[in-house]
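*Asks:* Quick one: structure below, then a few questions.
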Amino acid sequence: MNLNELKQGQTASIVRVGGEGPFRRRLLEMGFLRGTEVYVEKYAPLKDPIELILKGYHISLRVDEAARIQVENVRGEE
Amino acid sequence: MPKKSITIALAGNPNSGKSTIFNNLTGTRQKIGNWPGVTVEKKEGHLKANGYDLTVVDLPGTYSLTAYSIEEIVARNFILDEKPDVVVDIIDASNLERNLYLATQLRELDTKVIFVLNMADLAMDRGVKIDADKLSELLDVPVVFTVGNRNKGTRELLETIISVAEAEIELPRTRRVYYGKDIEKAISELSQFIKEKIDTELPYHLRWVAIKLLENDRIVKERVSQAGNPQGEAIFHEAELQRQRLREFFDEEPEIVMTDHRYGFIAGIVKEVLKTVSESRVDVSRQIDQVLTNRLLGLPIFVFFIWAMFQLTFSLGTYPMGWIDSGVGWLGQSAGQILPEGLLRGLIVDGVIAGVGSVVIFLPNILILFFCIAMFEDTGYMARAAFLMDKVMHLIGLHGKSFIPMLMGFGCNAPAIMATRTLESEKDRILTILINPLMSCSARLPVYILLAGTFFGARAGNAIFSIYALGIVLAISVGRLFRSTVLKGKVAPFVMELPPYRAPMLKGLFIHMWDRSKIFLKKMGGVILIGSVIVWSLSAFPRQVQFSRDYEAETARIRAHYDHGIAAAQGNDLGRLVRERDEAISALETLRAREKMERSYIGRIGKVLAPVFAPIGMDWRGSVAMLTGFVAKEIVVSTMGVLYAAGADEDEKSEALKLALKKSGMTPLSAYAMMAFVLIYVPCLATVGVIRRETNSWKWTAFSITYSTILAWLVAFIIYQGGRAIGL
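Structure (structure tokens):
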């Protein structure tokens, strides 16, 4: 499952960040590592981008960027 | 003899409170410029303490030192090449884990580092306590606590900086990230290889070079081939072999595995130094965002904030603008009285004072606008604005943060373009700068009001609205076009932190506001001054014009004709005669001014250019008006006043000018084409100056002028000729 498929209020663990070199490296440097918990705080009013909570801070990603992040163990509100 | 001057580099993540610490250290003694060759802002400050001269350089805020972004390259090169005596890393204590990523990279650079744990009070609010002694011990680096927004810990930081800079200590080589057996083996083998190949001293520490080569770092490769020629190729070959081996072993790029190891190392540290002392209290910032980025309320609130900013900037700004205007007027008058009639007076009064005055008048707008923007930035709302608007801006291939400068363009393009400094990606910045003038600024409105009011009557409002809409449509199309041609490249990823809201510091706000305004005044003064003098010269020379009529003799004749009657007249007759005389004289004066303008250099240029403007429905008078409009759009109306023989003091509401325009052969169609031209071509000299300053390149400035002028002509051509073809 990919991160963009999560709904507001759901949590998941990161499996793998895909995409091209610089983008991927940047995300890893920001803490999107395998096994890290990520919480979907909300979607922007126009449905894009997404606000996430990760390692205790808030970060936003575009939906098509979140689509490149593979997650597992999705839990939380439906 | 101890060193008496110390250079300090401030590094840190964006939003770590770095600029507050910088302000606390240096106060208002700051110098703002650009890093050489790029448009990244460089801030430098000076202070004296304990007999030392300290220079503090504020490095761009970065999350890492990977050399993917200009900011990272700038920060890293400064540390490596300029070799500051101490690097101070500002760490947001409430966000320790991610902030330590940059910290471990700084440690690897083998410079003297001090860690500053900023905003530990906030961390305490979140229920965590940091063991500074432990952190200091684990990383072998001095650690200082500060609370930037209460100016706490600044003194202690200074003392630590000085004592670290003074100390002749060997840099600790231990307690760095351990990359695991396989990568460590590759690092040491590669280090050994480099050592054997290059006998000259490498500018950097060997281990670091080896690590960076394993990460395939572009900049380090360039440096190595400069230093190690002709052995560079052999070294890269060896590095590639090692990378290949690691890639096969991990089934992953080596740099990714190394990032993982750094975070692993950090996780170990965090576990030891971070203690959860209480259950997390309420997260105020998150609650504010429940409202400000709410699905339903977020956008309306955003619109309200922008509206309020506009109101403040352009309504409140009118008062000081009025004062400045009368001040400039008074100055011009006084200078006019003091100076003898002649060239010098013309140059000073009509060239310098009027020209610079037309720009200085924007200062109140700029002050207020930048105060508002500083508020947005310092509170953290700017990131939310980008979050809300990104979807819209993404249509043009821009980042959400571009929205604010674009919107500000409707007020005035000069400060709007300066506001692009908040954009991180250089391509985004240049694109936003290039299309910003298509947002029709308030100075162009008088021209529209005059033309639309004259030719469209009751439909004037619709005509003007359609011009604004045309600007937006063009901005989107041109933006997309440039994005896929001259500014090709990926849209900057929207990986953006939403930092916790913070109460802004008044001192910071004022420093922020004043810095921008200083740049505006200083740099624009030069360009504007030169430009105004050029345009003035073009319209003032040649001094002696061969007039077709002898205006002076005619004026004298009128005077003689009336004076006799006036001397004899009484009561109502006297008033009537005086009025008649003055009207006759002023009509003659207007004709004289028109002929003078026509025969001046600018008039001649206008006539030469007339064939270029003819296909878009303008005669030589239109072309002269457009030429003078290059300085500022407000001038277009007064130039037209002169040229269409209605008097120079006309404004857009003047009935006489409207009548003259109607009689001049202009049609609604040609008027509309002219409005479109005014919308699209170079807004004013001040904007050109700002574009030059903000792109830091004459090439982009020339590009902006050229493309907008060509586009203006094309659009006007299509409107005029197209309209004629369908019989308008």
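Quick note, the sequences are listed as chains A and B, same order. When we follow the working numbering, the leftmost residue of the first sequence carries the number 202, and every step to the right adds one. When we follow the working numbering, the leftmost residue of the second sequence carries the number 428, and every step to the right adds one. Just so it is clear, CB atoms sit at the ideal spot from N, CA and C, and this is done for glycine as well.
What ranges does the alpha helix (DSSP H) occupy inside the region 945 to 1033 of chain B, keeping only unbroken runs of at least 4 residues that lie completely in it?
*Replies:* Within the region 945 to 1033 of chain B, the complete alpha helix (DSSP H) runs of at least 4 residues are 978 to 995, 998 to 1026.
*Asks:* Below 7 Å between beta carbons is the criterion; list the residues of the region 923 to 935 of chain B that meet it against any residue of chain A, in chain order.
*Replies:* From the region 923 to 935 of chain B, only 923, 924, 925 have a Cβ closer than 7 Å to chain A.
*Asks:* Count the C-beta pairs between the region 806 to 821 of chain B and the region 232 to 247 of chain A that are closer than 8 Å, then say yes if the count reaches three, no if not.
*Replies:* At 8 Å Cβ cutoff, the stretches touch.
*Asks:* Looking at C-alpha atoms only, which residue of A/268, A/264, A/272, A/271 is the closest neighbour of residue 821 of chain B?
*Replies:* Minimum Cα distance to residue 821 of chain B is reached at A/264.
*Asks:* If the cut is a Cβ gap below 7 Å, which residues of chain B does residue 258 of chain A touch?
*Replies:* Neighbours of residue 258 of chain A on chain B, chain order: 522, 525, 924.
*Asks:* Using a beta-carbon distance below 8 Å, is residue 428 of chain B in contact with chain A?
*Replies:* Residue placement at residue 428 of chain B is flagged as unreliable, the pLDDT there being 44, under the threshold of 50; the coordinate-derived value follows with that caveat. No, no contact with chain A.
*Asks:* Is it right to say residue 606 of chain B is buried, meaning 16 or more other beta carbons lie within 10 angstroms of its own, or is it exposed?
*Replies:* Label assigned to residue 606 of chain B: buried.
*Asks:* Would you mind giving the Cβ-Cβ distance between residue 513 of chain B and residue 610 of chain B, rounded to the nearest angstrom? I have them listed as a contact below 8 Å.
*Replies:* Not quite, the Cβ-Cβ distance comes to about 30 Å (not below 8 Å), so this is no contact.
*Asks:* For the alpha helix (DSSP H) that contains residue 889 of chain B, what are its first and last residues?
*Replies:* Per DSSP, residue 889 of chain B belongs to the alpha helix (DSSP H) from 887 to 911.
*Asks:* Can you list, in chain order, the stretches of the alpha helix (DSSP H) that have 4 or more residues and sit fully within the region 711 to 772 of chain B?
*Replies:* List check, alpha helix (DSSP H) in window: 711 to 719, 725 to 737, 745 to 765.
*Asks:* What did DSSP end up calling residue 1139 of chain B once you bin it into helix, strand or coil?
*Replies:* Helix.
*Asks:* Along the chain, where does the beta strand (DSSP E) that runs through residue 252 of chain A open and close?
*Replies:* Per DSSP, residue 252 of chain A belongs to the beta strand (DSSP E) from 251 to 255.
*Asks:* To the nearest angstrom, how far is it from the Cα of residue 460 of chain B to the Cα of residue 262 of chain A?
*Replies:* Roughly 31 Å between the two C-alpha positions.
*Asks:* Helix, strand or coil: which one does DSSP assign to residue 1155 of chain B?
*Replies:* Correct three-state label for residue 1155 of chain B: coil.
*Asks:* Determine the burial state of residue 1147 of chain B: buried for a count of at least 16 other Cβ atoms within 10 Å of its Cβ, exposed for fewer.
*Replies:* By the neighbour-count rule (16 or more Cβ atoms within 10 Å), residue 1147 of chain B is buried.
*Asks:* Within its chain, find whatever has a CB closer than 8 Å to the CB of residue 212 of chain A; leave out the 5 residues flanking it on each side and keep chain order.
*Replies:* Within the same chain, residue 212 of chain A has close Cβ partners 238, 239, 240, 241, 275, 276, 277.
*Asks:* Measuring straight from C-alpha to C-alpha, what distance separates residue 428 of chain B and residue 591 of chain B?
*Replies:* Low confidence applies here, because residue 428 of chain B scores a pLDDT of 44, under 50, leaving its location unreliable and the question unanswered by this model.
*Asks:* Using C-beta distances below 7 Å, list every residue in its chain close to residue 209 of chain A, excluding the 5 sequence neighbours before and after it, in chain order.
*Replies:* 241, 243, 244, listed in sequence order.
*Asks:* Buried or exposed: where does residue 750 of chain B fall if 16 or more other Cβ atoms within 10 Å of its Cβ makes it buried?
*Replies:* It counts as exposed.
*Asks:* Drop a sphere of 10 angstroms on the beta-carbon of residue 974 of chain B, count the other beta-carbons inside from all chains shown, and report buried for 16 or more, exposed for fewer.
*Replies:* Classification for residue 974 of chain B: exposed.
*Asks:* Rounded to a whole number of angstroms, what is the C-alpha to C-alpha distance between residue 254 of chain A and residue 713 of chain B?
*Replies:* Spanning the two alpha carbons is a distance of roughly 11 Å.
*Asks:* With three or more beta-carbon pairs closer than 8 Å as the criterion, would you say the region 862 to 881 of chain B touches the region 834 to 841 of chain B?
*Replies:* A contact exists between the region 862 to 881 of chain B and the region 834 to 841 of chain B.
*Asks:* Hey, could you find the ends of the beta strand (DSSP E) residue 471 of chain B is sitting in?
*Replies:* Counting along the chain, the beta strand (DSSP E) containing residue 471 of chain B begins and ends at 468 to 476.
*Asks:* Between B/542, B/983, B/1006, B/666, which has its C-alpha nearest residue 993 of chain B's C-alpha?
*Replies:* When only C-alpha atoms are compared, the closest one is B/1006.
*Asks:* At the 8 Å Cβ level, is residue 606 of chain B part of the contact set with chain A, yes or no?
*Replies:* No, residue 606 of chain B lies away from the interface with chain A (no Cβ there is under 8 Å from its Cβ).
*Asks:* Return the chain-ordered list of same chain residues with a C-beta closer than 6 Å to the C-beta of residue 827 of chain B, the five sequence neighbours on each side being excluded.
*Replies:* 813, 816, 817, 820, listed in sequence order.
*Asks:* Return the residue from the list B/534, B/533, B/1083, B/666 that minimises the CA-CA distance to residue 616 of chain B.
*Replies:* Minimum Cα distance to residue 616 of chain B is reached at B/666.
*Asks:* If you draw a straight line from the C-alpha of residue 528 of chain B to the C-alpha of residue 540 of chain B, how long is it?
*Replies:* In a straight line, the C-alpha of residue 528 of chain B is about 14 Å away from that of residue 540 of chain B.
*Asks:* Would you list, in chain order, the members of the region 869 to 897 of chain B that have their beta-carbon closer than 7 Å to a beta-carbon of chain A?
*Replies:* Cβ contacts with chain A: none found.
*Asks:* Can you give the Cα-Cα distance for residue 500 of chain B and residue 1106 of chain B, rounded to whole angstroms?
*Replies:* Taking the straight line joining both Cα atoms gives about 39 Å.
*Asks:* Report yes or no: do three or more beta-carbon pairs, one from the region 919 to 936 of chain B and one from the region 440 to 458 of chain B, lie closer than 8 Å?
*Replies:* These segments touch.
*Asks:* What does residue 818 of chain B touch in chain A if you count any residue whose Cβ is under 8 Å from its own?
*Replies:* Ordered by position in chain A, the residues that pass the 8 Å Cβ test against residue 818 of chain B are 245, 247, 248, 249, 250.
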